[in-house]
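Sequential numbering from 60 applies to the sequence shown in my numbering. Idealized CB from N, CA, C, for every residue including glycine. Shown next, in structure tokens, is the structure this report addresses.
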Amino acid sequence: MKKDKGNNQAEGTISDGVIALKNLTKEFGDNVVLDNISLAIEKGKTTVIIGPSGCGKTVLIKHLIVLLRPSAGEVYFEKRRIDNLSESELNKIRTHYGFLFQGGALFDSLSVAENIMFPIKQHYRITDHSGVEELVKTKLAMVGLDGFQKFYPASLSGGQRKRVALARAIALNPDVILYDEPTTGLDPIRADIINELILKLQKGLGLTSVVVTHDMTSAYKIADRIIMLHNGKIIADGNAEHIRNHPHPTVQQFINGQVSEDDLAVLRMSGSIPQAQFLPRDFEE
Ligand SMILES: Nc1ncnc2c1ncn2[C@@H]1O[C@H](COP(=O)(O)OP(=O)(O)OP(=O)(O)O)[C@@H](O)[C@H]1O
Ligand SMILES: [Mg+2]
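Here it is in structure tokens:
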């Protein structure tokens, strides 16, 4: 069996990643979400983070861009320590990142074009308006939505909204793009369009990608490396084949979508479900 790399990397290797977490712990009160994690994100590769709901995937990805600060440990970008920087210094570092938030939140009151311009306006004073229009057009064309500039998010489908959010995430020509659940809520075909876009951006622009997902079809398709989080630790780390054949029962249960004995015990304890809980409105849209 190939050794899991995650928590056992030597210090030298950790510092070599484009982004590195070193002995990172994050607690919210008594809740230890990430427990002494060390991880180096490899340049130009797609690293996928999997794990059950609530295991800390979003918390981890937010540390990569220091939207959350560690309780202990360090974060590095291009070998520079960044977790201790001021917000204004961090904002400069963040121009190297694109971030597709969970839910792909667009600003509903802004048009598609204004949504894509938003990060540009946040970081730069725009004088060349036609240049920005051209840039919006290029970014929309990359996600197959040129022509949708004047649309508002409410008139787009879920898949189109994700693609606009992706166009916005690449507006500043990032080196690194972080995706939090990019395919959740999409049908398999729309989800696969997002997978293809992630691959296209990684291969075409040489982007380093970190993708949080529950979707194993997506993970196997796009990942150079898959990391599984469980109880605050990395319990599996390797390529798709390594994860598929992983001996850890928790990994097998997760990738095969099987409920664990612990989850079943919780369900058994909660007793029977009263009929009255199923009212017709539960089945309405
Ligand atoms: N700002 C916060 N304050 C307190 N607790 C938080 C905060 N953010 C996250 N948590 C807690 O950290 C844990 C991990 O949350 P996180 O959102 O990272 O899970 P996740 O793996 O992304 O789950 P999902 O797959 O459902 O998105 C949860 O127990 C959550 O309640
Ligand atoms: Mg999450």
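Minimum C-alpha distance to LYS102 - residue among GLN261, VAL118, LEU169, ARG128: Residue numbering aside, residue 102 sits at position 43 when the sequence shown is read from its first letter. Nearest C-alpha to LYS102: GLN261.
Whole runs of the alpha helix (DSSP H) within the region 62–143, excluding any shorter than 4 residues: The region 62–143 contains these whole alpha helix (DSSP H) runs: 70–75, 116–123.
For ARG284, the residue or residues it bridges with in DSSP: For the purposes of this step, residue 284 is taken as residue 225 along the sequence shown, with counting starting at 1. BP columns for ARG284 point to THR106.
Straight-line gap, THR197 to LYS259 (C-alpha atoms, nearest Å): By one-based count along the sequence shown, residue 197 stands at place 138. By one-based count along the sequence shown, residue 259 stands at place 200. CA-to-CA, the gap between THR197 and LYS259 works out to about 14 Å.
Ligand 2 heavy atom lying under 7 Å from the CB of VAL271: For the purposes of this step, residue 271 is identified with residue 212 of the sequence shown, where counting begins at 1. Yes.
Cβ neighbours of GLN161 in the same chain (closer than 7 Å, five flanking residues each side left out): Along the sequence shown, one-based indexing puts residue 161 at 102. Closer than 7 Å at Cβ, skipping near neighbours: THR117, ASP239, GLU240.
Best match in THR84, ASP89, ALA230, ASP274 for proximity to LYS121 [C-alpha to C-alpha]: Stepping through the sequence shown from its first residue, residue 121 is reached at position 62. Among THR84, ASP89, ALA230, ASP274, the Cα nearest to that of LYS121 belongs to THR84.
Contact check, ILE281 vs THR105, beta carbons under 8 Å: Here residue 281 refers to the residue found at position 222 of the sequence shown. Here residue 105 refers to the residue found at position 46 of the sequence shown. For ILE281 and THR105, yes; Cβs fall inside 8 Å.
First and last residue of the uninterrupted alpha helix (DSSP H) at VAL195: As a working note, residue 195 is residue 136 in the sequence shown. Segment 188–201, the alpha helix (DSSP H) holding VAL195.
Spatial distance of VAL92 from GLY110 (CA atoms): For the purposes of this step, residue 92 is taken as residue 33 along the sequence shown, with counting starting at 1. For the purposes of this step, residue 110 is taken as residue 51 along the sequence shown, with counting starting at 1. The alpha-carbon of VAL92 is positioned some 12 Å away from that of GLY110.
Exposure of VAL269, with buried meaning 16 or more beta-carbon neighbours within 10 Å: Sequence index remark: in the sequence shown, residue 269 carries index 210 (1-based). Classification for VAL269: buried.
7 Å CB neighbourhood of ALA228 in its chain, flanking five on each side removed: Along the sequence shown, read from residue 1 onward, the residue named residue 228 stands at position 169. Taken in chain order, the residues that qualify are GLY157, PHE158, LEU159, ILE236.
The region 195–215 contacting the region 164–179, beta-carbon criterion three pairs below 8 Å: Counting C-beta pairs with one atom in each stretch, the region 195–215 and the region 164–179 have three or more that are closer than 8 Å, which means they touch.
For THR267, three-class secondary structure by DSSP: Here the question's residue 267 lines up with position 208 in the sequence shown. Under the three-state reduction of DSSP output, THR267 falls in the strand class.
Residues near ligand 1, criterion Cβ-heavy atom distance below 5 Å: In chain order, the hits are PHE87, VAL92, SER112, GLY113, CYS114, GLY115, LYS116, THR117, VAL118.
GLU240 CB to nearest heavy atom of ligand 2 below 7 Å: Taking the first residue of the sequence shown as 1, we reach residue 240 at position 181. Correct: GLU240 has its Cβ closer than 7 Å to ligand 2.
Cβ neighbour criterion (16 or more within 10 Å) applied to GLY263: The residue labelled residue 263 in the question sits at position 204 within the sequence shown. By the 16-neighbour rule on beta-carbons within 10 angstroms, GLY263 is exposed.
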